[in-house]
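Data first, discussion second: the structure below is written as structure tokens.
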Amino acid sequence: MKKEGQVRIPSGCAIAAVISRKGNKMSGELITNAMKPMHDRSNGLGGGFAGYGIYPEYKDFYAFHIFFNSRATRKDCEQLLKESFEIVQAEIIPTRKIPAITDEPLIWRYFVSPFKSVLKSLQIDEKELVARTVMMINTSVNGAYVFSSGKNMGTFKAVGFPEDVGVFYKLEKYEGYSWTAHGRYPTNTPGWWGGCHPFTLLDYSIVHNGEISSYDANRRAIEMFGYKCSLQTDTEVITYIMDYLIRRQNLTYKEAASIIAAPFWSTISSKDEKEKQLLTYLRTMFSDFLITGPFSIVLGFNGGLMALNDRLKLRSMVVGEKDDKVFIASEEAAIRTMEPDAENIYAPSGGEPVIVKVEEDI
Amino acid sequence: MIINAENLDYKALNDLIRSSSEDIQITNCCGHRFIAAGMENKSVTINGIPGNALGAYLNGGSITVNSNAQDAVGDTMNNGSIVIHGNAGDAVGYAMRGGEIFIKGNAGYRAGIHMKQYKDKVPVMVIGGYAGSFLGEYQAGGLIIVLGINIGSKKILGNFPCTGMHGGAVFVRSSCDGIKLPGQVTVSPASDEDMSLIEKHIVKYCGLFGCDADEILKEKFTVIRPDSKNPYKQMYVAN
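In order, the protein sequence lines correspond to chains A and B.
Position one of the first sequence corresponds to residue 48 (my numbering), numbered consecutively onward.
Position one of the second sequence corresponds to residue 6 (my numbering), numbered consecutively onward.
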């Protein structure tokens, strides 16, 4: 299997998301269907979904979804996991055999809990241990790739069209209060299973339509903080930047948005004094994490999601709502598929984050 | 002829449109791309949400959308008319070179990017609400009219309007106070002569969407044109 970076494919993408502000559950079938009218934005080289609230019976355990090339790799990787985590459940992720999805790796999920003794000896908290473990497996265990590692959430991705990927993973059997989706049209790099979206670390997941011109500058900056970009895929770096800014720097989602899609200095100069000060501080302090080039992204996290366009708005993204639900998609057609009577359809401005949180604690 | 687009892909839908000699009503449209691309002589009415590049290369006839439209409406259209009873997405009227587009509501980013004109071919785009950033970017000809009807607290134009503009005119129903414009354009209150260029288009807009043209025309308009004394000076950089 050729990996990202070994082949160049000239290039688009589709994203969609839905969340219930009341935390009401929706089956994965809704989001799978939303991808159908946007079929032509993808080219069959990748589709994927992230569902939140889907593992209520294991909600206190980190859910690792892992691709393995072989049985031997799985054994090695499990051995490694067992050094730091108690595995309370290990199982093959159920899939359907369908003609549209072929050449699948071994696809497993583990519900794990970190050993207190390990945390104590490393003097880190459990999220940091999970993040480090993901980095370690993805860079040093050849043929193993952790593609989901959050609590009570999970990512499902494959090479194929997104509507087929949803059928492949039996997403209609999962119930989540929030879903994101991606249809891939790879720019620059080949379609392989690990390179599909969403890209996740802990409960942060990113689906992205676009191409980051600042990728290498962002990669060099984030690798200073212990993250490893092993896939030469631009979207991966956004996930790590969001984890760094939000989990490690304790910034708000809005502040993180003002960093990665920082307004132009000319726009900042027209703001009132307080906002000017804040925006100037963020742009100066975190200048390495300004992401340039076209993007529309949805960041999923436990309890909410955030949609954001690059500051020049070089990609399309529309938002709509109906009752407790908020819908986001590259095209209004996708929103209408999920909810024909969606209201207040609008296109947020470039760099204007749309942050939706579930009202109660999930 | 009525076409139910529910189980058709965009190619099958467009084949049906092309092969019909009658006017067409499309129902259950949902993201079908390239509708009526290159069409010359029919009238197409769309119910549901049309996909990107609606009326691309349109060369005559008319398209009516009874909802919002997505991105790149009227890309490189040469003739004919497109009427949208809702909002339009990004890059509406992209490289338009003739014909007219009427949008009841708002337009997204980059409306009228690289519109152009030649002799009697003068494209016209009327935006009823507000226009997103980069309106008339690289505009080389044609008329863009922004009316700002029912926009509440939204600014009538987004950031960076008329960047790189070197032909045509943008009319804005506003004094344009507080709107930053680039150095290579001239900004002035619209004169009676200026208004005579756009009156008929506003009357047509009001006829289509049911509003009072006199009320609209009562307000002051601003006209933005390239500074033709030295059109290439400081288009993007000081040189």
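Idealized CB from N, CA, C, for every residue including glycine.
Item, Value
"Between the CA atoms of C35 (chain B) and S29 (chain A) - distance to the nearest angstrom", "Here chain A covers residues 48 to 409 and nothing more, so residue 29 (chain A) does not appear."
"Own chain, CB closer than 6 Å to V208 (chain B), minus 5 neighbours either side, in chain order", "A218"
"Neighbour list for G17 (chain A) in chain B, Cβ cutoff strictly below 8 Å", "Limits of chain A in this structure are 48 at one end and 409 at the other, which puts residue 17 (chain A) out of reach."
"Beta-carbon contacts of E254 (chain A) that lie in its chain and below 7 Å, excluding the five residues immediately before and after", "Residue 254 (chain A) is actually Val in this sequence, not Glu. Excluding sequence neighbours, V254 (chain A) sits near I62, T227, A228, H229, H244, P245, I344, V345."
"Length of the line joining the Cα atoms of A264 (chain A) and D335 (chain A)", "7 Å"
"Buried versus exposed, by CB contacts within 10 Å (16 or more), G188 (chain B)", "exposed"
"Anticipated Cβ contact below 8 Å, S277 (chain A) with N189 (chain A), distance rounded", "No, S277 (chain A) and N189 (chain A) are not in contact; Cβ-Cβ is about 11 Å, not under 8 Å."
"Member of A:E173, A:T142, A:S187, A:T149 whose CA lies at the smallest distance from the CA of G213 (chain A)", "A:T142"
"When A:V159, A:A147, A:R68 are compared against K198 (chain A), the one with the closest alpha-carbon", "A:V159"
"Distance CB(S67 (chain A))-CB(D319 (chain A)) smaller than 8 Å", "no"
"Outcome for S233 (chain B) when other beta-carbon atoms lying within 10 angstroms are tallied against a minimum of 16", "exposed"
"Option nearest F114 (chain A) by Cα separation, candidates A:V135, A:N90, A:Q126, A:I140", "A:I140"
"DSSP-derived helix/strand/coil call for F108 (chain A)", "coil"
"Chain B contact for S225 (chain A) (CB, 8 Å cutoff)", "no"
"Reduced DSSP category for H86 (chain A) - H, G, I as helix; E, B as strand; rest coil", "helix"
"Helix, strand or coil at S160 (chain A) according to DSSP, with G and I counted as helix", "strand"
"M130 (chain B) - DSSP class collapsed to helix/strand/coil", "strand"
"Selection from B:Y135, B:N33, B:A58 that minimises the alpha carbon distance to G157 (chain B)", "B:Y135"
"C276 (chain A) - DSSP class collapsed to helix/strand/coil", "coil"
"Pairwise C-alpha distance: S196 (chain B) and D95 (chain B)", "30 Å"
"Continuous alpha helix (DSSP H) assignments of at least 4 residues falling wholly in the region 80 to 134 of chain B", "none"
"Contact under 8 Å by Cβ, G146 (chain B) with P166 (chain B)", "no"
"Chain-ordered neighbours of G163 (chain B) on chain A, where CB pairs are closer than 8 Å", "S396"
"Cβ shell of E302 (chain A) (< 7 Å), same chain only, five flanking positions each side left out", "L329"
"Helix, strand or coil at C211 (chain B) [DSSP, three-state]", "helix"
"At least 3 beta-carbon pairs within less than 8 Å: the region 150 to 169 of chain A vs the region 96 to 112 of chain A", "yes"
"Y393 (chain A) in three-state terms, based on DSSP", "strand"
"Backbone secondary structure at E138 (chain A) - three-state DSSP", "strand"
"7 Å Cβ cut-off: residues of chain B touching P84 (chain A)", "C35, G36"
"8 Å Cβ cutoff met for I307 (chain A) and I269 (chain A)", "no"
"Assigned exposure category for M48 (chain A) - 16 Cβ within 10 Å defines buried", "Unreliable positioning characterises M48 (chain A) in this predicted model, as indicated by a pLDDT of 48, which lies under 50. The coordinate reading is nonetheless provided below. Answer is exposed; the Cβ neighbour count stays below 16."
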